[in-house]
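In the numbering used here, the protein residues as written are 2 to 577.
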């Protein structure tokens, strides 16, 4: 073999090795997620990897020789350092630019640009990363952070931000901002009767309706559960909001079929204005909430504009709550007792203990004024424990004084009953006062039975096992069925006074009263009617088989000493 032939073979082998190295390098470049663009000193594209084709939406052959400035603004990239032959120095890192795809669409990208000498020629190497998916992910995170996950409306955080922005804009332009706070009427019953899936569908329906009736620049938000808010900007006069509120109420009162279920609901709306009602966002929210409560208080399905007179009950309630806390410490409470009688009115069968507050300056405060305040605070449990103990002590004192054994009934609030220590506290009170458990009766409302049914049943059985009787107060105002009631170890049903009051003139009330008596007797329960004030009511109740009576016809609630005197003198039979 000649030397020339040997040299040619050696040259071909070396060229093959170089080619293999080039192929390997290209394969490595093509495996990168980022795009790599080699740019010559004239600004033309000399080489690209596969990722560049994907990023810019065209083939490599279409990019080679193309002006790199048509893909990205190179003049916007900061240049640092000097390039040494064969080295990638002078790197400009993290410059974020706007790129241009082959179809002309702009997209965000970050570019790292370095200088290098390749085959003796100065080049620039741009490493390009498409930020489109990153930006979309950021936007999704922002939406999740600022939008309600169920309805897609603004959430509470975004609502507050928009309200503050609306305040600033209105201050500059001299216009009004209206804040509407909305609650659905009867939403809890939708969840209870149809399930949370239907409830969620209703919330989404309401969201879409609110978006439809409001303007593009307004903010519709879901603040929680069934509470929504609308921020309206650029208003000239407050009256402009009335038509919108009426339209919302009319729209939401229409029946709607969701998941195959026909629903009828409505809403109540409270409205406040900036700057007329307040210049502080949080205070305006509070005042719109106050107007909402006023709307609910007028029968629901209506709207109210905030008026400072609406704050008077709230201010009075705050003063009363402060006094109530002092009353607990000062022991300003007293129990009054109202007798229960058998149906012929000849025998007293028990007494109901009713708490009264002797205020040092106001005198006797009605339970209707202070019990709701106690129930909405942490005072109800303490007050309830005091009532229970005081009633047990009084019943034991009467027994020790020679009075016939007289069961005493005590009302138990929902907050007190839900206290984890209730049964233990009841047992402890009976032991410490020495009262026979058979002389204590607990009155629990029908509504309390409907909450956490299984747990309530367990609690009822524990109370029953102590020997304490349970009566269901305000019966007929809830939705208890015969099958439902059978699960509870109760002894007595108490017909609510609202039915007794008009049973001689209202056929519906009479029918409900008769149905309650029949239901109770079918379960071997005694039935007592409260709020009896007329002989005609007694006659009707006796004719339907009612067992016991309670009301002003026999006696108003009396202090313990007066009740004892009444008890010894009572001889008046009810007319037959």
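Glycine included, each C-beta is placed from N, C-alpha and C at the ideal position. Predicted model, so just to flag it, every value in this text is computed and none were measured.
With contacts defined as CB atoms closer than 8 Å, residue 248 and residue 256 fail to qualify as a contacting pair.
Inclusion of residue 307 and residue 278 in the CB contact set at 8 Å is warranted, their separation being smaller than that value. DSSP places residue 496 in the uninterrupted beta strand (DSSP E) bounded by 493 to 496. For residue 476, the pairing in a beta bridge is given by DSSP as 496.
Relative to residue 459, the option among 493, 423, 432, 431 whose CA is nearest is 423. Nearest to residue 560 by alpha-carbon distance, out of 454, 353, 180, 285, is 353. Taking a 10 Å sphere around the C-beta of residue 34, we find fewer than 16 other C-beta atoms and assign the residue as exposed. Separation of residue 463 and residue 191 (C-alpha to C-alpha, rounded to the nearest whole angstrom) is 32 Å.
Between residue 184 and residue 254, the CB-CB gap reaches or exceeds 8 Å.
A straight-line Cα-Cα distance of about 29 Å links residue 186 and residue 321. Annotated as distal: residue 493 and residue 542, with beta-carbon spacing of 8 Å or more. About 6 Å separates the CB atoms of residue 156 and residue 147; that is less than 8 Å, so the two are in contact. Under DSSP, residue 358 forms a beta bridge with 334, 366. Comparing alpha carbon positions, the residue from 329, 209, 340 closest to residue 379 is 329. Rounded to whole angstroms, the separation of the alpha carbons of residue 236 and residue 280 is 16 Å.
Judged by beta-carbon spacing, residue 436 lies within the 8 Å limit of residue 397, meaning their Cβ atoms are closer than that value. Burial state of residue 136 is exposed, judged by a 10 Å Cβ sphere holding fewer than 16 other Cβ atoms. Three or more beta-carbon pairs separated by less than 8 Å link the region 526 to 541 to the region 550 to 564, which places the two stretches in contact. In this structure, DSSP gives residue 194 a helical state, which the three-state scheme calls helix. Counting of Cβ neighbours within 10 angstroms places residue 467 among the exposed residues, the total staying below 16. Rounded to the nearest whole angstrom, the CA to CA distance from residue 287 to residue 134 is 41 Å. DSSP lists no bridge partner for residue 140. Excluding sequence positions up to five before and after residue 312, its CB lies within less than 7 Å of the CB of 291, all in the same chain and listed in chain order. Apart from the 5 residues on each side of it in sequence, residue 393 sits with its Cβ closer than 6 Å to the Cβ of 430, 434, 436 in its chain, given in chain order. A direct Cα-Cα distance of roughly 13 Å separates residue 61 from residue 68. Per DSSP, the continuous alpha helix (DSSP H) segment holding residue 541 begins and ends at 536 to 544. The shortest C-alpha to C-alpha distance from residue 566 to any of 404, 386, 104, 109 is the one to 404.
The DSSP-derived three-state label of residue 353 is strand.
Beta-carbon to beta-carbon, residue 348 and residue 382 are separated by about 35 Å, too far to satisfy the 8 Å threshold. The three-state secondary structure of residue 565, taken from DSSP, is helix. Relative to the Cα of residue 336, the nearest Cα in the group 196, 48, 358, 547 belongs to 358. When the alpha-carbon of residue 356 is set against those of 375, 200, 343, 345, the nearest one is in 375.
Counting only the Cα atoms, residue 516 lies some 14 Å from residue 507. Assignment of beta-bridge partners to residue 341 by DSSP yields 351.
Here DSSP, grouped into helix, strand and coil, assigns residue 235 to strand. Rounded to the nearest whole angstrom, the CA to CA distance from residue 166 to residue 178 is 10 Å.
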